[in-house]
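For reference, each letter of the sequence shown is one residue, going 824 to 1220 in the working numbering. Written out below as C-alpha coordinates is the structure these notes cover.
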Amino acid sequence: SHNEGEKTWLALPAVDMMKEGAAGMTGAQIAQKAADMGGGLGTNASLESSSVTLNVLSERAADAIALVADVAQRPAYPDSELARVKANWNRRLAVALSQPGTLADAALDRAYYGTDHPYGRVLPTPQQFGAYTTAQLKAWHAANFGARRSHLYIAGKFDATAVKAAVEKAFGGWAAGPERLSLPPSPKPGPQVLLIGRPGAPQSTFSIAYPAPNAGMPGDIPMRVSNALLGGAFSSRITRNIREAKGYTYSPGSSVAFLPANAVWTFNADVTTAVTGPALKEVFHEIRTLQATLPGEEEAAGMRQYMAGLFVIQNSTPGALVNTIATRDSLGLPRDWMDKYVPATLAVTPAQMSEAARNLPLDKLTLVVVGDLKVITPQLQALPELKGIEFKTVTIP
824 SHNEGEKTWL
834 ALPAVDMMKE
844 GAAGMTGAQI
854 AQKAADMGGG
864 LGTNASLESS
874 SVTLNVLSER
884 AADAIALVAD
894 VAQRPAYPDS
904 ELARVKANWN
914 RRLAVALSQP
924 GTLADAALDR
934 AYYGTDHPYG
944 RVLPTPQQFG
954 AYTTAQLKAW
964 HAANFGARRS
974 HLYIAGKFDA
984 TAVKAAVEKA
994 FGGWAAGPER
1004 LSLPPSPKPG
1014 PQVLLIGRPG
1024 APQSTFSIAY
1034 PAPNAGMPGD
1044 IPMRVSNALL
1054 GGAFSSRITR
1064 NIREAKGYTY
1074 SPGSSVAFLP
1084 ANAVWTFNAD
1094 VTTAVTGPAL
1104 KEVFHEIRTL
1114 QATLPGEEEA
1124 AGMRQYMAGL
1134 FVIQNSTPGA
1144 LVNTIATRDS
1154 LGLPRDWMDK
1164 YVPATLAVTP
1174 AQMSEAARNL
1184 PLDKLTLVVV
1194 GDLKVITPQL
1204 QALPELKGIE
1214 FKTVTIP
(Lines of atoms letter the chains of each structure in order from A and count residues from 1; the text may use other names and numbers.)
(Lines give C-alpha, C1' and ligand atoms only; values in the text may rest on other atoms or scores of the structure.)
Protein backbone atom coordinates (compact mmCIF):
# COMPACT_ATOMS: atom_id res chain seq x y z
CA SER A 1 0.00 0.00 0.00
CA HIS A 2 3.06 2.26 0.08
CA ASN A 3 2.55 2.43 -3.70
CA GLU A 4 -1.19 3.17 -3.71
CA GLY A 5 -0.94 6.94 -3.87
CA GLU A 6 -4.27 8.28 -2.64
CA LYS A 7 -6.12 5.08 -3.61
CA THR A 8 -6.24 3.72 -0.07
CA TRP A 9 -6.73 -0.06 0.17
CA LEU A 10 -6.24 -0.53 -3.59
CA ALA A 11 -3.39 -2.97 -2.90
CA LEU A 12 -5.56 -5.26 -0.77
CA PRO A 13 -7.96 -6.44 -3.52
CA ALA A 14 -5.17 -6.19 -6.10
CA VAL A 15 -3.09 -8.75 -4.22
CA ASP A 16 -6.12 -10.80 -3.17
CA MET A 17 -7.24 -11.12 -6.80
CA MET A 18 -3.88 -12.58 -7.84
CA LYS A 19 -4.95 -16.01 -6.58
CA GLU A 20 -8.32 -15.83 -8.35
CA GLY A 21 -6.78 -16.73 -11.70
CA ALA A 22 -3.31 -16.83 -13.26
CA ALA A 23 -1.42 -18.33 -16.18
CA GLY A 24 -4.58 -19.82 -17.68
CA MET A 25 -5.77 -21.32 -14.39
CA THR A 26 -8.92 -20.37 -12.52
CA GLY A 27 -8.87 -19.61 -8.82
CA ALA A 28 -10.32 -23.04 -8.10
CA GLN A 29 -7.61 -24.73 -10.17
CA ILE A 30 -4.88 -22.77 -8.34
CA ALA A 31 -6.34 -23.82 -4.98
CA GLN A 32 -6.58 -27.45 -6.13
CA LYS A 33 -2.98 -27.45 -7.34
CA ALA A 34 -1.82 -26.17 -3.97
CA ALA A 35 -3.94 -28.73 -2.15
CA ASP A 36 -2.50 -31.53 -4.29
CA MET A 37 0.94 -30.49 -2.99
CA GLY A 38 -0.27 -30.79 0.59
CA GLY A 39 -0.73 -27.09 1.29
CA GLY A 40 -2.53 -23.86 0.54
CA LEU A 41 -1.56 -20.72 -1.32
CA GLY A 42 -2.01 -17.30 0.29
CA THR A 43 -1.51 -13.68 -0.67
CA ASN A 44 -1.13 -10.64 1.54
CA ALA A 45 -0.48 -6.91 1.28
CA SER A 46 0.86 -4.64 4.01
CA LEU A 47 2.27 -1.11 4.19
CA GLU A 48 5.68 -1.99 2.79
CA SER A 49 5.35 -5.35 1.05
CA SER A 50 3.08 -7.86 -0.59
CA SER A 51 3.56 -11.60 -0.65
CA VAL A 52 2.58 -14.89 -2.23
CA THR A 53 3.12 -17.78 0.16
CA LEU A 54 2.80 -21.55 -0.13
CA ASN A 55 3.51 -24.36 2.34
CA VAL A 56 3.85 -27.80 0.76
CA LEU A 57 5.28 -31.24 1.35
CA SER A 58 9.05 -31.12 0.87
CA GLU A 59 9.07 -33.34 -2.23
CA ARG A 60 6.79 -30.86 -4.02
CA ALA A 61 9.09 -27.85 -3.63
CA ALA A 62 9.80 -27.46 -7.36
CA ASP A 63 6.10 -27.59 -8.22
CA ALA A 64 5.36 -25.01 -5.51
CA ILE A 65 7.96 -22.64 -6.93
CA ALA A 66 6.34 -22.86 -10.36
CA LEU A 67 2.88 -22.14 -8.94
CA VAL A 68 4.08 -19.16 -6.91
CA ALA A 69 5.81 -17.83 -10.03
CA ASP A 70 2.61 -18.09 -12.07
CA VAL A 71 0.56 -16.24 -9.46
CA ALA A 72 3.18 -13.53 -8.88
CA GLN A 73 4.01 -12.90 -12.51
CA ARG A 74 0.89 -13.75 -14.53
CA PRO A 75 -2.31 -12.95 -12.60
CA ALA A 76 -5.38 -12.76 -14.83
CA TYR A 77 -7.62 -10.48 -12.76
CA PRO A 78 -10.88 -12.04 -13.98
CA ASP A 79 -13.78 -9.57 -13.94
CA SER A 80 -16.09 -12.36 -12.81
CA GLU A 81 -14.39 -12.56 -9.41
CA LEU A 82 -14.02 -8.86 -8.60
CA ALA A 83 -17.49 -8.30 -7.11
CA ARG A 84 -17.05 -11.17 -4.64
CA VAL A 85 -13.54 -10.14 -3.61
CA LYS A 86 -14.59 -6.51 -3.15
CA ALA A 87 -17.66 -7.60 -1.16
CA ASN A 88 -15.38 -9.46 1.25
CA TRP A 89 -13.22 -6.38 1.71
CA ASN A 90 -16.27 -4.13 2.00
CA ARG A 91 -17.44 -6.24 4.94
CA ARG A 92 -14.02 -5.92 6.55
CA LEU A 93 -14.10 -2.17 5.98
CA ALA A 94 -17.54 -1.90 7.57
CA VAL A 95 -16.30 -3.85 10.59
CA ALA A 96 -13.15 -1.74 10.80
CA LEU A 97 -15.16 1.49 10.78
CA SER A 98 -17.26 0.17 13.70
CA GLN A 99 -14.31 -0.80 15.91
CA PRO A 100 -13.06 1.87 18.35
CA GLY A 101 -9.55 0.41 18.32
CA THR A 102 -9.33 0.67 14.55
CA LEU A 103 -10.68 4.22 14.62
CA ALA A 104 -8.13 5.19 17.28
CA ASP A 105 -5.26 3.71 15.26
CA ALA A 106 -6.45 5.41 12.08
CA ALA A 107 -6.73 8.78 13.80
CA LEU A 108 -3.32 8.34 15.39
CA ASP A 109 -1.65 7.46 12.09
CA ARG A 110 -3.35 10.35 10.32
CA ALA A 111 -2.23 12.84 12.96
CA TYR A 112 1.27 11.41 13.35
CA TYR A 113 2.19 10.91 9.69
CA GLY A 114 -0.21 13.30 7.96
CA THR A 115 -2.54 12.50 5.09
CA ASP A 116 0.09 13.45 2.52
CA HIS A 117 1.92 10.19 3.31
CA PRO A 118 0.63 6.62 2.76
CA TYR A 119 1.24 5.81 6.44
CA GLY A 120 -1.36 8.42 7.34
CA ARG A 121 -4.02 7.15 4.91
CA VAL A 122 -5.28 4.06 6.70
CA LEU A 123 -8.97 3.67 5.84
CA PRO A 124 -10.85 4.55 2.64
CA THR A 125 -14.46 5.61 2.55
CA PRO A 126 -16.85 2.88 1.37
CA GLN A 127 -17.58 5.00 -1.71
CA GLN A 128 -13.89 5.32 -2.55
CA PHE A 129 -13.24 1.62 -2.16
CA GLY A 130 -16.39 0.63 -4.03
CA ALA A 131 -15.25 2.55 -7.12
CA TYR A 132 -12.06 0.54 -7.71
CA THR A 133 -12.03 -1.39 -11.00
CA THR A 134 -10.31 -4.44 -12.42
CA ALA A 135 -8.32 -2.14 -14.70
CA GLN A 136 -6.96 -0.26 -11.68
CA LEU A 137 -5.94 -3.50 -9.97
CA LYS A 138 -4.17 -4.72 -13.09
CA ALA A 139 -2.39 -1.40 -13.50
CA TRP A 140 -1.24 -1.48 -9.87
CA HIS A 141 0.23 -4.97 -10.33
CA ALA A 142 1.93 -4.05 -13.61
CA ALA A 143 3.47 -0.95 -12.04
CA ASN A 144 4.76 -2.64 -8.91
CA PHE A 145 5.60 -6.32 -9.50
CA GLY A 146 8.97 -7.23 -10.98
CA ALA A 147 12.17 -9.11 -10.25
CA ARG A 148 14.21 -6.08 -9.19
CA ARG A 149 12.55 -5.55 -5.85
CA SER A 150 11.30 -9.08 -5.20
CA HIS A 151 12.77 -11.57 -2.76
CA LEU A 152 12.20 -15.32 -2.86
CA TYR A 153 12.53 -17.14 0.47
CA ILE A 154 12.46 -20.92 0.79
CA ALA A 155 12.76 -22.60 4.17
CA GLY A 156 12.43 -26.22 5.20
CA LYS A 157 13.69 -29.55 3.93
CA PHE A 158 14.49 -29.64 0.22
CA ASP A 159 17.05 -30.63 -2.40
CA ALA A 160 19.08 -27.45 -2.95
CA THR A 161 20.18 -28.32 -6.50
CA ALA A 162 16.65 -29.14 -7.64
CA VAL A 163 15.23 -26.04 -5.98
CA LYS A 164 17.80 -23.72 -7.58
CA ALA A 165 17.03 -25.21 -10.99
CA ALA A 166 13.28 -24.73 -10.39
CA VAL A 167 13.83 -21.11 -9.35
CA GLU A 168 15.89 -20.34 -12.45
CA LYS A 169 13.25 -21.92 -14.69
CA ALA A 170 10.28 -20.20 -13.03
CA PHE A 171 11.72 -16.76 -12.37
CA GLY A 172 14.68 -16.40 -14.70
CA GLY A 173 12.75 -14.55 -17.40
CA TRP A 174 10.88 -12.15 -15.10
CA ALA A 175 11.28 -8.53 -16.18
CA ALA A 176 13.22 -6.36 -13.75
CA GLY A 177 10.41 -3.91 -13.13
CA PRO A 178 10.67 -0.75 -11.05
CA GLU A 179 12.92 0.14 -8.16
CA ARG A 180 11.42 0.00 -4.69
CA LEU A 181 9.60 3.23 -3.87
CA SER A 182 11.19 5.23 -1.07
CA LEU A 183 8.98 7.76 0.71
CA PRO A 184 10.56 8.51 4.09
CA PRO A 185 7.87 9.98 6.35
CA SER A 186 8.12 13.21 8.26
CA PRO A 187 6.31 12.32 11.50
CA LYS A 188 4.55 15.01 13.46
CA PRO A 189 5.13 14.11 17.10
CA GLY A 190 3.05 15.98 19.65
CA PRO A 191 2.03 17.02 22.00
CA GLN A 192 -1.42 16.43 20.50
CA VAL A 193 -4.65 14.98 21.89
CA LEU A 194 -7.39 13.75 19.52
CA LEU A 195 -10.89 12.75 20.60
CA ILE A 196 -13.42 10.60 18.72
CA GLY A 197 -16.94 10.61 20.09
CA ARG A 198 -19.02 7.51 20.84
CA PRO A 199 -21.94 8.80 22.93
CA GLY A 200 -23.00 6.39 25.66
CA ALA A 201 -20.07 4.00 25.11
CA PRO A 202 -19.38 1.91 28.24
CA GLN A 203 -15.67 1.78 27.38
CA SER A 204 -13.02 4.19 26.22
CA THR A 205 -10.27 3.15 23.84
CA PHE A 206 -7.01 5.05 23.90
CA SER A 207 -3.83 4.87 21.88
CA ILE A 208 -0.56 6.60 22.74
CA ALA A 209 2.34 7.07 20.33
CA TYR A 210 5.93 8.29 20.62
CA PRO A 211 8.85 8.26 18.17
CA ALA A 212 11.24 5.35 18.77
CA PRO A 213 14.78 4.54 17.59
CA ASN A 214 14.86 3.14 14.07
CA ALA A 215 15.58 -0.54 13.53
CA GLY A 216 19.30 -1.22 13.70
CA MET A 217 20.13 2.05 15.47
CA PRO A 218 22.06 1.92 18.77
CA GLY A 219 18.91 2.46 20.84
CA ASP A 220 16.84 -0.17 19.00
CA ILE A 221 17.46 -3.29 21.15
CA PRO A 222 17.35 -1.44 24.51
CA MET A 223 14.01 0.07 23.46
CA ARG A 224 12.60 -3.38 22.69
CA VAL A 225 13.58 -4.67 26.12
CA SER A 226 12.38 -1.49 27.85
CA ASN A 227 9.06 -1.82 26.01
CA ALA A 228 8.63 -5.38 27.30
CA LEU A 229 9.22 -4.19 30.86
CA LEU A 230 6.90 -1.21 30.50
CA GLY A 231 3.89 -2.63 28.64
CA GLY A 232 4.88 -5.21 26.03
CA ALA A 233 4.97 -8.35 28.19
CA PHE A 234 2.03 -9.82 30.08
CA SER A 235 4.06 -9.37 33.28
CA SER A 236 4.89 -5.75 32.39
CA ARG A 237 4.53 -2.90 34.85
CA ILE A 238 1.56 -1.22 33.18
CA THR A 239 -0.28 -4.52 32.88
CA ARG A 240 0.31 -5.36 36.52
CA ASN A 241 -0.87 -1.88 37.47
CA ILE A 242 -4.02 -1.18 35.46
CA ARG A 243 -5.08 -4.79 34.81
CA GLU A 244 -4.11 -6.79 37.87
CA ALA A 245 -4.06 -4.18 40.65
CA LYS A 246 -6.67 -1.65 39.50
CA GLY A 247 -8.94 -3.74 37.27
CA TYR A 248 -9.33 -0.90 34.78
CA THR A 249 -8.77 -3.01 31.66
CA TYR A 250 -8.42 -6.57 30.46
CA SER A 251 -5.83 -6.46 27.69
CA PRO A 252 -3.52 -3.42 27.68
CA GLY A 253 -0.30 -3.59 25.70
CA SER A 254 2.53 -1.67 24.10
CA SER A 255 4.74 -2.41 21.11
CA VAL A 256 7.39 -0.93 18.86
CA ALA A 257 6.47 -0.82 15.16
CA PHE A 258 9.36 -0.65 12.70
CA LEU A 259 9.19 0.69 9.16
CA PRO A 260 12.02 1.75 6.84
CA ALA A 261 13.46 5.02 8.17
CA ASN A 262 10.89 5.17 10.96
CA ALA A 263 9.82 3.54 14.22
CA VAL A 264 7.09 4.33 16.73
CA TRP A 265 6.25 3.13 20.24
CA THR A 266 2.54 2.69 20.91
CA PHE A 267 0.38 1.76 23.87
CA ASN A 268 -3.26 0.69 23.53
CA ALA A 269 -5.99 -0.17 26.02
CA ASP A 270 -9.77 -0.43 26.38
CA VAL A 271 -10.88 0.83 29.79
CA THR A 272 -14.17 1.41 31.57
CA THR A 273 -15.42 4.90 30.67
CA ALA A 274 -15.50 6.11 34.27
CA VAL A 275 -11.79 5.37 34.80
CA THR A 276 -10.36 6.72 31.54
CA GLY A 277 -8.47 9.49 33.30
CA PRO A 278 -7.22 7.35 36.19
CA ALA A 279 -5.99 4.68 33.75
CA LEU A 280 -4.02 7.22 31.74
CA LYS A 281 -2.66 8.68 34.97
CA GLU A 282 -1.21 5.27 35.87
CA VAL A 283 0.29 4.79 32.38
CA PHE A 284 2.06 8.16 32.64
CA HIS A 285 3.18 7.25 36.17
CA GLU A 286 4.81 4.01 35.01
CA ILE A 287 6.59 5.78 32.15
CA ARG A 288 7.96 8.48 34.48
CA THR A 289 9.02 5.90 37.07
CA LEU A 290 11.07 3.92 34.57
CA GLN A 291 12.58 7.12 33.22
CA ALA A 292 13.70 8.23 36.68
CA THR A 293 14.60 4.98 38.43
CA LEU A 294 16.67 2.07 37.15
CA PRO A 295 14.86 -1.28 37.29
CA GLY A 296 16.27 -3.87 39.67
CA GLU A 297 18.64 -6.44 38.24
CA GLU A 298 16.21 -9.31 38.81
CA GLU A 299 13.41 -7.57 36.91
CA ALA A 300 15.78 -6.46 34.16
CA ALA A 301 17.23 -9.97 33.79
CA GLY A 302 13.74 -11.43 33.54
CA MET A 303 12.83 -9.12 30.69
CA ARG A 304 16.10 -9.80 28.86
CA GLN A 305 15.52 -13.54 29.11
CA TYR A 306 11.89 -13.13 28.04
CA MET A 307 12.81 -11.18 24.91
CA ALA A 308 15.66 -13.52 23.96
CA GLY A 309 13.56 -16.64 24.49
CA LEU A 310 10.61 -15.17 22.62
CA PHE A 311 12.82 -14.47 19.62
CA VAL A 312 14.02 -18.08 19.53
CA ILE A 313 10.52 -19.53 19.94
CA GLN A 314 9.03 -17.21 17.32
CA ASN A 315 11.61 -18.29 14.76
CA SER A 316 11.30 -22.03 15.35
CA THR A 317 9.15 -22.74 12.27
CA PRO A 318 10.03 -22.27 8.58
CA GLY A 319 7.24 -19.76 7.99
CA ALA A 320 8.19 -17.63 10.98
CA LEU A 321 11.84 -17.73 9.99
CA VAL A 322 10.99 -16.54 6.48
CA ASN A 323 8.94 -13.68 7.94
CA THR A 324 11.79 -12.55 10.19
CA ILE A 325 14.34 -12.65 7.36
CA ALA A 326 11.96 -10.78 5.05
CA THR A 327 11.42 -8.13 7.74
CA ARG A 328 15.18 -7.84 8.22
CA ASP A 329 15.63 -7.20 4.50
CA SER A 330 12.71 -4.78 4.26
CA LEU A 331 14.18 -2.69 7.08
CA GLY A 332 17.64 -2.73 5.51
CA LEU A 333 19.26 -4.50 8.46
CA PRO A 334 22.60 -6.31 8.01
CA ARG A 335 22.57 -10.01 7.16
CA ASP A 336 23.98 -10.96 10.56
CA TRP A 337 21.29 -9.07 12.49
CA MET A 338 19.49 -12.26 13.55
CA ASP A 339 22.75 -13.83 14.74
CA LYS A 340 23.43 -10.82 16.96
CA TYR A 341 19.93 -10.22 18.28
CA VAL A 342 19.97 -12.60 21.26
CA PRO A 343 23.46 -11.63 22.53
CA ALA A 344 22.55 -7.94 22.13
CA THR A 345 19.30 -8.45 24.01
CA LEU A 346 20.97 -10.27 26.89
CA ALA A 347 23.53 -7.46 27.18
CA VAL A 348 20.99 -4.65 27.76
CA THR A 349 21.59 -3.02 31.14
CA PRO A 350 19.08 -1.50 33.58
CA ALA A 351 20.57 1.92 32.79
CA GLN A 352 19.88 1.40 29.08
CA MET A 353 16.28 0.42 29.84
CA SER A 354 15.72 3.68 31.73
CA GLU A 355 17.47 5.64 29.00
CA ALA A 356 15.18 4.03 26.40
CA ALA A 357 12.13 5.06 28.41
CA ARG A 358 13.34 8.64 28.26
CA ASN A 359 12.54 8.47 24.53
CA LEU A 360 8.91 8.94 25.67
CA PRO A 361 8.72 12.59 26.81
CA LEU A 362 5.35 14.29 27.20
CA ASP A 363 6.22 16.99 24.69
CA LYS A 364 6.26 14.33 21.94
CA LEU A 365 3.04 12.60 23.00
CA THR A 366 0.28 11.77 20.52
CA LEU A 367 -2.85 10.57 22.32
CA VAL A 368 -6.13 9.41 20.76
CA VAL A 369 -9.15 8.61 22.91
CA VAL A 370 -12.41 7.12 21.58
CA GLY A 371 -15.43 7.17 23.86
CA ASP A 372 -18.24 9.14 25.47
CA LEU A 373 -16.71 12.61 25.31
CA LYS A 374 -19.11 14.16 27.82
CA VAL A 375 -17.78 11.76 30.45
CA ILE A 376 -14.12 11.38 29.47
CA THR A 377 -13.15 14.92 28.46
CA PRO A 378 -13.30 16.33 32.02
CA GLN A 379 -11.20 13.40 33.20
CA LEU A 380 -8.55 14.12 30.58
CA GLN A 381 -8.55 17.84 31.30
CA ALA A 382 -7.85 17.09 34.97
CA LEU A 383 -4.60 15.24 34.16
CA PRO A 384 -1.52 17.39 34.85
CA GLU A 385 0.31 15.71 31.95
CA LEU A 386 -2.25 17.08 29.45
CA LYS A 387 -2.41 20.64 30.75
CA GLY A 388 -1.89 23.19 28.00
CA ILE A 389 -2.39 20.70 25.15
CA GLU A 390 -5.21 21.51 22.75
CA PHE A 391 -7.88 18.83 22.52
CA LYS A 392 -9.19 18.23 18.97
CA THR A 393 -12.35 16.30 18.12
CA VAL A 394 -12.00 14.36 14.86
CA THR A 395 -13.93 11.87 12.74
CA ILE A 396 -12.72 8.83 10.76
CA PRO A 397 -12.41 8.36 7.83
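Don't be surprised by glycine CBs; every beta carbon is placed ideally from N, CA and C.
Relative to the C-alpha of residue i, which candidate in the options has its C-alpha closest?
i, options, result
"Gly850", "Ala985, Leu890, Ala934", "Leu890"
"Ala785", "Met1040, Ala930, Gly1055, Ala895", "Residue coverage of the chain in this structure runs from 824 to 1220, which leaves residue 785 outside it and unanswerable."
"Ser1030", "Gly995, Thr1089, Pro1014", "Thr1089"
"Ala834", "Asn967, Ser921, Ala930", "Asn967"
"Gly996", "Ser824, Met848, Gly969, Ala857", "Gly969"
"Ala899", "Ile853, Asp932, Ala917", "Ile853"
"Val990", "Glu1002, Ile977, Ser1059", "Ile977"
"Ala906", "Pro836, Pro1025, Glu1122, Gly1054", "Pro836"
"Ile1136", "Thr1150, Pro1118, Arg1111, Val1165", "Val1165"
"Ala1131", "Asn1182, Met1161, Thr1099", "Met1161"
"Gly1125", "Ala1056, Lys1210, Met1046", "Ala1056"
"Ala868", "Asn1037, Ala857, Asn826", "Asn826"
"Phe1115", "Ala1180, Leu880, Ile1061", "The residue asked about is misnamed: residue 1115 is Ala in this sequence, not Phe. Out of Ala1180, Leu880, Ile1061, Ala1180 has the C-alpha closest to the C-alpha of Ala1115."
"Ser881", "Thr1096, Ala934, Arg897, Lys980", "Lys980"
"Arg1003", "Thr1200, Asp1152, Ile1219", "Asp1152"
"Leu1169", "Thr1216, Pro1220, Lys992, Leu1133", "Leu1133"
"Gly828", "Ala962, Arg1063, Thr957", "Ala962"
"Val1171", "Gly1042, Ala1068, Ile1212", "Gly1042"
"Ala1167", "Gly1039, Leu916, Ala910", "Gly1039"
"Ser1005", "Pro941, Ala1205, Leu1188", "Pro941"
"Val1198", "Asp902, Pro1207, Val1098", "Val1098"
"Ala1080", "Ala988, Glu871, Arg971, Gly1100", "Glu871"
"Leu1209", "Thr1218, Val1217, Pro1184", "Pro1184"
"Arg933", "Thr1189, Ile1212, Gly1211, Lys1069", "Thr1189"
"Tyr935", "Ala1149, Glu1120, Ala1035, Leu1156", "Ala1035"
"Ser824", "Ala910, Ser1059, Gly844, Leu1082", "Leu1082"
"Glu1109", "Ala1143, Tyr1129, Ser1059", "Ser1059"
"Pro1001", "Thr984, Ala965, Asp1159, Asp982", "Ala965"
Name the one or two DSSP bridge partners that residue i has.
i, result
"Thr876", "Gly865"
"Gln1015", "Thr1189"
"Gly844", "Thr849"
"Gly1020", "Gly1194"
Could you give the residue range of the beta strand (DSSP E) that holds residue i?
i, result
"Lys909", "Counting along the chain, Lys909 falls outside any beta strand (DSSP E), though it belongs to the alpha helix (DSSP H) covering 902-921."
"Phe1214", "1214-1216"
"Leu833", "Premise fails: Leu833 is in no beta strand (DSSP E) and is neither H nor E."
For residue i, which residues from the same chain have a beta carbon less than 7 Å from its beta carbon, with the 5 sequence-adjacent residues on both sides left out?
i, result
"Val1193", "Pro923, Leu926, Ala927, Ile1019, Arg1021, Ser1027, Thr1028"
"Asp886", "Met860"
"Arg883", "Met860, Gly861"
"Ala1174", "Leu1117"
"Asp1195", "Arg1021, Pro1022, Gly1023, Ala1024, Thr1096"
"Ala919", "Thr925, Leu946"
"Val879", "Met860, Gly861, Gly862, Ala887"
"Gly937", "Gly943, Lys1011"
"Ala993", "Ile888, Ala889, Ala892"
"Ala1205", "Gly1100"
"Ala857", "Gly863, Leu864, Leu877, Leu890"
Measuring from the CB of residue i, is there a heavy atom of the ligand SAH at a distance below 8 Å?
i, result
"Asp839", "No copy of the ligand SAH occurs in the structure displayed, which carries no ligand at all."
Quick one: what's got a C-beta closer than 6 Å to residue i's C-beta in the same chain, skipping five residues either side?
i, result
"Ala1084", "Pro1007"
"Val1191", "Ala927, Ala930, Leu931, Leu1017, Ser1030"
"Trp832", "Pro947, Phe952"
"Asp1186", "Pro1014"
"Ser1220", "Note that residue 1220 corresponds to Pro in the displayed sequence, not to Ser. Result list for Pro1220: Leu946, Thr948, in chain order."
"Ala846", "Asp893, Arg897"
"Met848", "none"
Considering only residues of the same chain and omitting the five flanking positions on each side of residue i, which have a CB-CB separation below 8 Å?
i, result
"Ile1065", "Tyr1071, Thr1072, Pro1075, Ala1092, Val1094, Ala1102, Glu1105, Val1106"
"Thr866", "Val838, Asp839, Met841, Lys842, Ser873, Ser874, Val875, Thr876, Val894"
"Met1176", "Pro1045, Val1048, Ser1049, Leu1052, Leu1113, Leu1117, Pro1118, Ala1123, Met1126"
"Val986", "Ala884, Ala885, Ile888, Ile977"
"Leu960", "Leu833, Pro836, Ala837, Met840, Tyr900, Leu905"
Identify the continuous alpha helix (DSSP H) that holds residue i and give its terminal residues.
i, result
"Leu1117", "First-last for Leu1117: undefined, no H or E at that position."
"Asn1182", "It is not in any alpha helix (DSSP H) - Asn1182 carries neither H nor E in the DSSP assignment."
"Val1165", "1160-1169"
"Pro1141", "1141-1153"
"Glu991", "983-994"
"Ile977", "Taken as a continuous stretch (DSSP letters only), Ile977 belongs to no alpha helix (DSSP H), as it is neither H nor E."
"Leu890", "884-896"
Quick one: is residue i near chain B, going by C-beta distance under 9 Å?
i, result
"Gly850", "Note that chain B does not occur in the displayed structure, where there is just one protein chain."
Runs of alpha helix (DSSP H) wholly within the stretch 1027-1110 (minimum 4 residues, chain order): 1043-1050
List, from N- to C-terminal side, the alpha helix (DSSP H) runs of 4 residues or more that fit wholly inside the stretch 925-974. Segments of the alpha helix (DSSP H) lying fully in the stretch 925-974: 949-953, 957-967.
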